[in-house]
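Residue numbers (the working numbering): 805 to 1305. Just so you know, even glycine gets a beta-carbon here, dropped at the ideal spot from N, CA and C. The next block holds one structure in the form of structure tokens; read it before the comments.
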Ligand code: FB9
């Protein structure tokens, strides 16, 4: 329809000057006409030139006044020549008309307000606003000064209009023969496919030339899966650990017993972190079913009376407390399970383990902290390790993350001694940033497991969210994790390449 109108017009005319006017003359919507022109242009039947015009159109309010008259004139006409009270006037007018019309009529010095009455100051008024709006509605030119006034009252708005002028193209034909690429179920069934250009053989039986491929055409966007930034950073950190010869620990249990999460780590049962204000305890199943009883006895003893050179804590250790199930507060609970398992293997063989998984803490949430986060943890278990080995492995690990300038600050953890906070100088922020925590697991943790006396374990931890937020320039953790995440970010976020990787 629209295509035929364009091709037919060009058969006898040089050019379609304005697609807007042309579509009105043909009684075809301009959108349909533009689609036809674009398609014909794409196949070379026509050459289309953009036409861009800015024009004024009436707002909804403007359309009302173009029909019913401006509010100030409606108000003027509602005042009888002898004058009326303001209450009577307001009863005669729509509140919106009174609200806009009264100040405008006062400004035009058309009306005045007496002690009890409002009255006219002039005999007659012209509704210039209505006249101007009708001129714009009819596409007539209007003085720019008048335009400013109407724009200020939000009665008109600027609308950009895009159309085309159209001339014959190199492949012009008075009627378009559909390309073979337009093969459809319909034209195959109806037999119309025989009229398609590629199947429309010339009189001498020669096929007309085929449609050339448009190699610059963009492919359809492929809607596939998209990796979350956390998973991209996790993959990079995993690669770093694997390149350093670490094995991943099995972290597929969010629910843990207090025993493995705290007691096995020599964390006393009165420690504030074991309070329900800091930890999520489970109602159901509230207690663990099975613990290695011999080992539990050794843990009980080291808490109560020490041993291995330790004084212990000197309190009555409660099994019920150790049995409580919780959501693990750190992946160090997994490290304790793995080290206990390693201690059962005789003879002892050194190991390097890592884990990256979710941990849960019942703490106040803020812009950068939720009640859960992903903890990254690494540990090396071998004979005769020292703090120097820990510092060395930290330099190696963080260098691979792109952080080569480190400083260490003495710290305290219930299960490591000595402990250190790790700081790295951030060139972008021009300041030292805390990037993790570390330490050497205490003998009160390692020896009850059955590890040889000269075996030491150096370990460290950091979060996955902090580096991800910094690397992806996200300052609110809710933009990264949770139900408010913008899926556009998930689809568009850049790849993550860390440090030496
Ligand atoms: O991740 C942290 N900071 C960090 C890490 C990397 C990073 O990279 C940027 C690209 C440059 C930037 C920042 N932190 C640890 C330090 C702080 O963010 C801290 O405020 C928040 N910490 C979490 C705990 O807070 C509830 C981060 C989390 C953390 C802290 C300690 C451990 C693990 C995670 C640990 C441990 C540990 C210690 C000894 C033995 C075994 C494990």
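Residue from the options whose Cα sits closest to the Cα of residue i
| i | options | result |
| --- | --- | --- |
| residue 1128 | 1216, 1023, 1283 and 1060 | 1060 |
| residue 1161 | 866, 1180 and 855 | 1180 |
| residue 857 | 823, 832 and 1230 | 823 |
| residue 1043 | 1056, 1150, 1182 and 956 | 1182 |
| residue 851 | 1251, 971, 815 and 1288 | 971 |
| residue 960 | 1112, 1142, 1233 and 866 | 866 |
| residue 919 | 1221, 1047 and 890 | 890 |
| residue 942 | 861, 973 and 1096 | 861 |
| residue 1049 | 1229, 1157 and 902 | 1157 |
| residue 976 | 1067, 1115 and 818 | 818 |
| residue 1254 | 1136, 1146, 1104 and 875 | 1146 |
| residue 1095 | 1177, 1067 and 1086 | 1067 |
| residue 749 | 1136, 1170, 1138 and 1185 | Any answer about residue 749 is impossible in this case: the structure gives the chain only from 805 up to 1305. |
| residue 1298 | 1278, 1282 and 1288 | 1278 |
| residue 1121 | 882, 1104 and 875 | 1104 |
| residue 1270 | 1085, 840, 1192 and 1176 | 1176 |
| residue 954 | 864, 1244, 1169 and 1173 | 864 |
| residue 1293 | 887, 1088 and 1034 | 1034 |
| residue 813 | 1069, 979 and 1191 | 979 |
8 Å Cβ cutoff met for residue i and residue j
| i | j | result |
| --- | --- | --- |
| residue 1219 | residue 1071 | yes |
| residue 1132 | residue 1164 | yes |
| residue 1205 | residue 1302 | yes |
| residue 1166 | residue 1083 | yes |
| residue 1210 | residue 1228 | yes |
| residue 1107 | residue 1116 | yes |
| residue 914 | residue 922 | no |
| residue 1259 | residue 1250 | yes |
| residue 1032 | residue 1295 | no |
| residue 1275 | residue 1242 | no |
Residue i Cβ short of 7 Å to the ligand FB9 heavy atom set
| i | result |
| --- | --- |
| residue 1270 | yes |
| residue 1043 | no |
| residue 1230 | yes |
| residue 1165 | yes |
| residue 1267 | yes |
| residue 1263 | yes |
| residue 1242 | yes |
| residue 1217 | yes |
| residue 1195 | no |
| residue 1184 | no |
| residue 1133 | no |
| residue 1207 | yes |
| residue 1220 | yes |
| residue 1060 | no |
| residue 1027 | no |
| residue 1055 | no |
| residue 1136 | yes |
| residue 1275 | yes |
| residue 1181 | yes |
| residue 1238 | yes |
Outcome for residue i when other beta-carbon atoms lying within 10 angstroms are tallied against a minimum of 16
| i | result |
| --- | --- |
| residue 965 | exposed |
| residue 869 | buried |
| residue 1290 | exposed |
| residue 1285 | buried |
| residue 1263 | buried |
| residue 1144 | buried |
| residue 1036 | buried |
| residue 1093 | exposed |
| residue 1090 | exposed |
| residue 871 | exposed |
| residue 1046 | exposed |
| residue 1076 | exposed |
| residue 1232 | exposed |
| residue 1056 | exposed |
| residue 1038 | buried |
| residue 805 | exposed |
| residue 1011 | With a pLDDT of only 49 at residue 1011, under 50, the local geometry of the prediction cannot be trusted, and no value is derived from it. |
| residue 937 | buried |
| residue 1019 | exposed |
| residue 815 | exposed |
| residue 878 | buried |
| residue 1137 | buried |
| residue 968 | buried |
| residue 820 | buried |
Heavy atom of the ligand GTP within 7 Å of residue i beta-carbon
| i | result |
| --- | --- |
| residue 1198 | In terms of ligand content, the structure shown lacks the ligand GTP and carries the ligand FB9 instead. |
Item checked: 4 or more residues per run - each alpha helix (DSSP H) lying fully within the segment 891-966 -> 899-911, 932-941 and 948-956
Check: At what residue ranges does the segment 1047-1094 contain a whole run of the beta strand (DSSP E), taking only runs of 3 or more?
Finding: 1059-1061
Notebook entry, point to check: Residue ranges of each beta strand (DSSP E) run of no fewer than 3 residues wholly in the segment 1194-1253, ordered along the chain?
Noted result: 1210-1217, 1220-1230 and 1235-1245
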